[in-house]
DNA sequence: GTTTATGCAAATGGTTTGCACTCGA
DNA sequence: TCGAGTGCAAACCATTTGCATAAAC
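Protein chains in written order, with the numbering used here: chain A, 107 to 248; chain B, 107 to 248.
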């Protein structure tokens with residue numbers, strides 16, 4: 107899908123005191139147009155037109171994550187996936203098909219009681235991760 | 107803590123058609139005496155008395171996981187941790203302290219509705235992962 | 001003209017693999 | 001004895017790091 111806020115990338119980089127380079131703009135564009143979280147490999151593939159170095163890509167992803175422009179997520183595949191952080195992309199969880207690896211967003215989050223329980227146990231700054239895997243309809247039918 | 111079913115290790119290996127070697131027995135013993143999931147490194151450290159090879163240890167952990175004698179869990183540290191599977195250790199989730207890395211078991215699991223929702227969406231053989239992190243009381247106080 | 005970002009090459013860390021040898025059943 | 005299990009060395013794969021160059025501001 108196309109986004110109308112492509113031009114915001116420049117602004118976002120500026121706000122974070124980051125220089126606007128071709129790679130950075132390309133990565134932001136790719137992630138904002140993706141409909142599911144992408145691995146570094148997948149981003150690389152979509153970067154065909156842009157010349158870049160793998161180390162630089164990882165540095166970019168790390169910087170963006172630290173500046174909260176993107177989020178890294180782990181679905182147990184042994185690599186990180188990255189998602190753009192924008193107003194329309196708030197906190198959520200995923201399910202990944204164990205066969206075709208298709209990823210969907212899941213429309214629920216953990217009950218408040220969980221966090222309350224842990225707070226009661228003295229934990230501070232609690233974060234959680236939750237994800238699902240299963241065989242999707244398509245794969246199951248075939 | 108000491109367990110009275112140490113002698114079951116031999117039996118468990120037998121049941122799975124696995125040969126009873128010193129390393130395997132030692133790993134089962136270590137994991138059954140551990141009070142939180144151990145990484146391959148931590149298991150290695152506890153194996154001081156037994157001579158072993160790192161590759162063999164990983165092969166052992168893989169075999170045990172496949173035979174469901176142990177479970178591998180990922181708490182986002184970049185390595186797997188392993189827990190013994192026995193009658194007294196059923197499905198559960200963890201919280202890890204983001205500072206001291208102490209791991210505790212959390213006494214709740216996801217609501218049934220989550221799985222039901224996904225089943226309704228056509229997913230089969232659904233599994234989930236859920237874990238927490240936060241600063242534990244001890245670390246917070248210091 | 002600085003500071004920050006990049007490319008290159010090499011290192012890291014957890015884990016896996018190929019192969020010949022060894023040991024448990 | 002015979003196949004499963006092991007040690008060793010080397011490979012793997014995602015990611016990181018050091019350093020000198022290049023580009024952004």
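Ideal Cβ positions, reconstructed from N, Cα and C, are used throughout, including at glycine.
Please read these numbers as outputs of a predicted model, since none were measured by experiment.
Amino acids of chain B, ordered along the chain, whose beta-carbon sits closer than 9 Å to that of residue i
i             : result
residue 246/A : 228, 229, 230, 231
residue 200/A : Under the 9 Å cutoff, chain B gives no residues; its nearest Cβ is about 11 Å from residue 200/A.
residue 180/A : 180, 182
Residue-chain proximity (residue i, chain A), Cβ-Cβ < 8 Å
i             : result
residue 177/B : no
residue 239/B : yes
residue 109/B : Low per-residue confidence applies at residue 109/B: pLDDT is 43, beneath 50, and the placement is therefore not dependable, though the value from the model is reported in the following sentence. Closer than 8 Å: no.
residue 242/B : yes
DSSP state of residue i mapped onto helix, strand, coil
i             : result
residue 214/A : coil
residue 230/B : strand
residue 205/A : coil
residue 142/B : coil
residue 248/B : coil
residue 183/A : coil
residue 237/B : strand
residue 150/B : helix
Proximity test, Cβ basis, 8 Å: residue i and chain B
i             : result
residue 190/A : no
residue 206/A : no
residue 143/A : no
residue 234/A : yes
Reference residue i, options the options, closest by Cα
i             : options                    : result
residue 117/A : 164/A, 224/A, 175/A        : 175/A
residue 146/B : 209/B, 199/B, 160/B, 217/B : 160/B
residue 202/A : 120/B, 227/B, 178/B        : 227/B
residue 191/A : 149/A, 181/A, 137/A        : 137/A
residue 232/A : 168/A, 216/A, 241/A, 245/A : 216/A
residue 239/A : 180/A, 221/A, 171/A, 140/A : 180/A
Proximal residues of chain A, C-beta to C-beta of residue i below 9 Å
i             : result
residue 167/B : Correct list: empty, because the minimum Cβ distance to chain A is about 15 Å.
Per-residue contacts from residue i into chain A (C-beta, under 8 Å)
i             : result
residue 124/B : Near residue 124/B there are no residues of chain A at all, since even the closest Cβ is about 26 Å away, more than 8 Å.
Proximal chain B residues relative to residue i, where beta-carbon distance stays under 8 Å
i             : result
residue 214/A : 219, 220, 223
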